[in-house]
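Enquirer: In my numbering, the protein residues as written are 1366 to 2018. Where is the CB? At the ideal position from N, CA and C, for every residue including glycine.
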Amino acid sequence: MTSATTITAPYGAWPSTISAARVAAGATPLSTLMLGGADGSDIFWLAGRAAEAGRNTLLRHHGVTTGELTPAPFNVRSRLHEYGGGAYTVDGDTIYFSHFADNVVYKLDLADDGAAPVALTTAGKQRFADFVVDRARGRLIGVRELHGDDPHAQPANTICAIDADGGETVLAQGADFYSSPRLSPDGRSLAWLSWDHPRMPWQGTTLWLANIGDDGALAAPVRIAGGAEESICQPEWSPDGLLHFVSDRSGWWNLYRLCRERDRTEGLCPMEAEFASPHWTFGNAMYGFRSASEIICTYIDKGVSRLARLLPGSGKLEAIANPYEEIRELRVAKGYIAMLAGGPTIPMELARIDFTEEGVEILAQSIEELPDEGYLSIPTSISYASANGRSSHAFYYPPRNRDVTAPAGSKPPVIVISHGGPTGMTVNTLNLKTQFWTSRGFGVLDVNYGGSTGFGRDYRDLLKGQWGIVDVEDCVAGAQALVERGLADGERLIIRGGSAGGLTTLCALTFHNVFKVGASYYGVSDLKGLDQDSHKFESHYNEYLIAPQPQAEALYQARSPINHTDKLARPMIFFQGLDDKVVPPQQSEMMVDALKARGVPVAYVPLEGEGHGFRKGENIVRTLEAELYFYQRMFGLHDPAATPPVHIDNLKD
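Written out as structure tokens, the structure reads:
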């Protein structure tokens, strides 16, 4: 679609209706889907409130209405493992949730109309998540992370029961980490996952099963599956009491179950696809039971989600039609599926699919008012050759704005995005932050570099010992591929990334000469410092990504950009939350100081009250506007009369 009043303007300087304020106002993160109510027909989820300092509130769809259950100041969020998730559970008309401000677990009785949440535990140094209700014993079971008085000591993680009076009883301990306590339908058995340093949960976890004694304690736990080299995810019980789980023992996260005799496990539908995602947060759900003989599941095939019906008895997998290409979570009731899902033209939304009717009912959207389609860039999935003969994968978004055309013969600047994790993946769900750039005449290449999930364990393990190498090579190769295809201006290539993606960004600018400018959001610059400052969950992550000590010492020196600032001559802008416990502020500040000293143009935007990822609306606006100005200033596209939204050191007119 082309406007009747189309203007001509340089790529990267197009006027756009998708403002930073619109991005901030329109983005409502949706997460943590649950079902409940007296008959299981109520749908619950969390929504982020950017205008309320990023507060998470609990919503319920009941009948034909949607209402908020946890008004301010309640913030339904946990910082267990720092990344949180699994901050509430539903049992009929009763809600249990963790309040972020004091780590207290609250109980909310929905049957008592107008009742306020009541504290179940007392404030302290413990954090809770990943709950399950043990009705027979009148208690709540979850994962507890207990911090001591020494801020440098690692907390103790356990499976813990919370009694009706708030008392806490440890049920399982001794491992470094726990997750996913799941109670059998008859209430007699508990399954859970554990793992130990130096492994992350996508490297090796163990699935345990124990009977529950008359005193409520766990009796003689038995290892069901998993180990040092097998990752187990999402244990769940079928309605007839069979324990199911996802394992990557074949090289792909596939579905399995424990046979009724409990003497062996069996695969349900072996295939080269991923029925799970990395355990960064608690409470993830990618399959559920319509009945004992029918599983509804989502799986990732070459980076794209599919929805299907699986019949465990025969292993038959039947596609379920739907408009989505990312299905982040799903929950299954007898009559419907509830999903958090999105696609290239669909923002993340809460959708309900009825088993007896066609179509999709939309209950909530992360973006309430979409821009006109003439301003939206639709991504293309591309693969391209990278180093050592391997292929890498990405989503390419071309510039698009119905009101503007670029001068004939010109090519756009392209922003290459390196996702965080690094054990994670990027998806193609409609995101206004991406459209902010494409509607201004930037191309965007969002890279699933070697090490990303969604492509099997072999692809995920490409980053083993190679962080700062393989990821960087794949981002560099992606930019070069676009230049070769005539889709990018080779003199205006940009790389940006957050967290682990920040290290990729910094390494690409330090050790390669392809990118001309970059942006780091709370990025890693000093691997040794990251080890020293890291929280418990990631404190040994670098043993996989780099190498164990003492072998890692030389590699840390070689791959940490902070040690090679003499090679960095490209302008950069840094964004950093001052409350970040995952990547502390000094990681950014050391780089900023080094670039200032070297005379390289550099800008720094520190943000009070923000942690690892920015939640406040005003800060989303501030960072986007500063980043845009920085790029335009570096490429001579800025408006000299405009007020600079950020100070740039070493700037030469």
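1) Beta-carbon within less than 8 Å of E1533's beta-carbon, same chain only, minus the 5 sequence neighbours each way: which residues are those?
2) Can we say the stretch 1370-1377 touches the stretch 1768-1785, given the rule of at least three CB pairs closer than 8 Å?
3) Which runs of the beta strand (DSSP E) fall wholly inside the stretch 1841-1866 and span at least 3 residues, in chain order?
4) Pick out the complete beta strand (DSSP E) segments inside the stretch 1667-1704, 3 residues or longer, and give them in chain order.
5) Starting from the N-terminal side, write out each stretch of the beta strand (DSSP E) that is 3 residues or longer and does not extend beyond the stretch 1732-1806.
6) Name the residue from V1769, K1981, C1634 whose alpha carbon lies nearest to the alpha carbon of E2019.
7) Once DSSP output is grouped into helix, strand and coil, what is the label at F1940?
8) Give me the residue from F1760, I1938, P1438 with the minimum Cα distance to V1957.
9) For R1822, which option in A1385, Y1761, G1789, D1811 has the closest C-alpha, if you only look at C-alpha atoms?
10) Does R1627 come out as helix, strand or coil in the three-state DSSP assignment?
11) At what residue ranges does the stretch 1474-1548 contain a whole run of the beta strand (DSSP E), taking only runs of 3 or more?
12) Roughly how many whole angstroms lie between the Cα atoms of T1870 and G1964?
13) For the 8 Å Cβ check, are there 3 or more pairs between the stretch 1889-1901 and the stretch 1978-1992?
14) Using the C-alpha atoms, what's the distance from H1609 back to E1601?
15) Exposed or buried, what is S1559 when buried is set at 16 or more other beta-carbons lying within 10 Å of its beta-carbon?
16) So who's on the other strand from E1813, going by DSSP bridges?
17) Specify the secondary structure class of K1961 as computed by DSSP and reduced to three states.
18) Which residues does DSSP pair with N1649 in a beta bridge?
19) Could you tell me the alpha carbon to alpha carbon distance between C1662 and P2005, rounded to whole angstroms?
20) Are the beta-carbon atoms of G1867 and V1889 separated by less than 7 Å?
21) Leaving out five residues before and five after G1391 in sequence, what residues of the same chain have Cβ atoms less than 6 Å from its Cβ?
22) According to DSSP, what are the bridge partners of T1454?
23) In terms of alpha-carbon separation, which member of I1711, D1404, F1979, F1542 lies closest to P1744?
24) Could you spell out the range, first to last residue, of the beta strand (DSSP E) harbouring R1614?
25) Please state if the CB of P1764 and the CB of T1354 are separated by a distance shorter than 7 Å.
26) T1818 and V1809: beta carbons closer than 7 Å?
27) Quick one: using the 10 Å Cβ neighbour count with 16 as the cut-off for buried, is G1489 buried or exposed?
28) Would you grab the beta carbon distance between A1714 and I1727 for me? Rounded to a whole angstrom, and I think it's under 8 Å.
29) Keeping to the same chain, check which residues put their C-beta closer than 6 Å to that of V1455; ignore five residues upstream and five downstream.
30) Pick from A1501, L1411, G1449: whose alpha carbon is nearest that of I1460?
31) Which of the three DSSP states is assigned to C1634 in this structure?
32) Using the DSSP secondary-structure output, state which residues sit across from L1895 in a beta bridge.
33) Please state the DSSP three-state secondary structure of L2002.
34) Would you say I1685 and A1673 are within 7 Å of each other, going by their C-beta atoms?
35) Taking all protein chains shown into account, do 16 or more other C-beta atoms lie within 10 angstroms of the C-beta of Q1538, making it buried, or fewer, making it exposed?
36) Kindly indicate which residue of G1581, E1694, G1680, G1503 has the alpha-carbon position closest to the one of N1619.
Expert: On the basis of the data shown:
1) Start at 1 with the first residue of the sequence shown, and residue 1533 comes out as number 168. For E1533, where only same-chain residues beyond five positions count, the Cβ hits under 8 Å are T1486, Q1491, R1509, C1525, A1526, I1527.
2) yes
3) 1858-1863
4) 1669-1676, 1681-1684, 1691-1697
5) 1745-1750, 1756-1762, 1779-1783
6) A question about residue 2019 goes unanswered here, because the residues of the chain that appear run from 1366 up to 2018.
7) For this step, residue 1940 is matched to residue 575 along the sequence shown. F1940: strand per DSSP, three-state reduction.
8) Residue 1957 sits at position 592 when you count from the first residue of the sequence shown. Ranking the options by Cα distance to V1957, first place goes to I1938.
9) Taking the first residue of the sequence shown as position 1, residue 1822 is located at position 457. The option with the nearest alpha carbon to R1822 is G1789.
10) Position 262 of the sequence shown, counting from 1, holds the residue named residue 1627. Coil at R1627, not helix or strand.
11) 1491-1499, 1504-1511, 1521-1528, 1533-1537, 1542-1548
12) Translated into the one-based positions of the sequence shown, residue 1870 becomes position 505. Translated into the one-based positions of the sequence shown, residue 1964 becomes position 599. Rounded to whole angstroms, T1870 to G1964 spans 20 Å at the Cα level.
13) no
14) Taking the first residue of the sequence shown as 1, we reach residue 1601 at position 236. Taking the first residue of the sequence shown as 1, we reach residue 1609 at position 244. Cα to Cα, E1601 sits roughly 5 Å from H1609.
15) On the sequence shown, residue 1559 is found 194 positions in, with the first residue counted as 1. Label assigned to S1559: buried.
16) In the sequence shown, the residue the question calls residue 1813 occupies position 448. Inspection of the sequence shows that residue 1813 is occupied by Asn rather than by Glu. Note: N1813 sits in a beta bridge opposite H1758.
17) Here residue 1961 corresponds to residue number 596 of the sequence shown, with the count starting at 1. Looking at K1961 - three-state DSSP - the assignment turns out to be helix.
18) As a position in the sequence shown, residue 1649 is number 284, starting the count at 1. Per DSSP, none; premise fails for N1649.
19) Start at 1 with the first residue of the sequence shown, and residue 1662 comes out as number 297. Start at 1 with the first residue of the sequence shown, and residue 2005 comes out as number 640. Spanning the two alpha carbons is a distance of roughly 54 Å.
20) The sequence position of residue 1867 within the sequence shown is 502, counting from 1. The sequence position of residue 1889 within the sequence shown is 524, counting from 1. Yes; because the gap between Cβ atoms is below 7 Å, this pair is in contact.
21) Walking along the sequence shown from the start, residue 1391 turns up at place 26. Cβ neighbours of G1391 beyond the five flanking positions: I1732, L1797.
22) In the sequence shown, residue 1454 corresponds to position 89, counting from 1. For T1454, which the question treats as bridged, DSSP gives the partners Y1461.
23) As a working note, residue 1744 is residue 379 in the sequence shown. If we check each option's Cα against that of P1744, I1711 comes out closest.
24) Here the question's residue 1614 lines up with position 249 in the sequence shown. Neither: R1614 is in no beta strand (DSSP E) and is coded neither H nor E.
25) What is shown of the chain runs 1366 to 2018, which leaves residue 1354 out entirely.
26) In the sequence shown, counting from the first residue as 1, residue 1818 sits at position 453. In the sequence shown, counting from the first residue as 1, residue 1809 sits at position 444. Cβ distance not < 7 Å, so T1818 and V1809 don't count as in contact.
27) The residue you call residue 1489 lines up with position 124 of the sequence shown. G1489 comes out exposed.
28) Sequence index remark: in the sequence shown, residue 1714 carries index 349 (1-based). Sequence index remark: in the sequence shown, residue 1727 carries index 362 (1-based). Here the sequence assigns Glu to residue 1714, which means Ala is not the residue at that position. E1714 to I1727, Cβ: 5 Å. Contact.
29) Counting from one through the sequence shown, the residue named residue 1455 turns up at place 90. Result list for V1455: M1399, G1401, F1409, in chain order.
30) The count along the sequence shown starts at 1 and reaches residue 1460 at position 95. Nearest of A1501, L1411, G1449 to I1460, Cα basis: L1411.
31) Along the sequence shown, read from residue 1 onward, the residue named residue 1634 stands at position 269. Here C1634 sits in coil by DSSP.
32) Counting from one through the sequence shown, the residue named residue 1895 turns up at place 530. According to DSSP, which records beta bridges pairwise, L1895 is partnered with nothing at all.
33) Locating residue 2002 in the sequence shown gives position 637, counting from the first residue. Looking at L2002 - three-state DSSP - the assignment turns out to be coil, as it is neither helix nor strand.
34) Here residue 1685 refers to the residue found at position 320 when the sequence shown is read from its first residue. Here residue 1673 refers to the residue found at position 308 when the sequence shown is read from its first residue. Yes, the pair counts as a contact, with Cβ atoms nearer than the cut-off.
35) As a first step, residue 1538 must be located in the sequence shown, where it is residue number 173. Exposed, by the Cβ-count rule.
36) As a first step, residue 1619 must be located in the sequence shown, where it is residue number 254. Cα-wise, what sits closest to N1619 is G1680.
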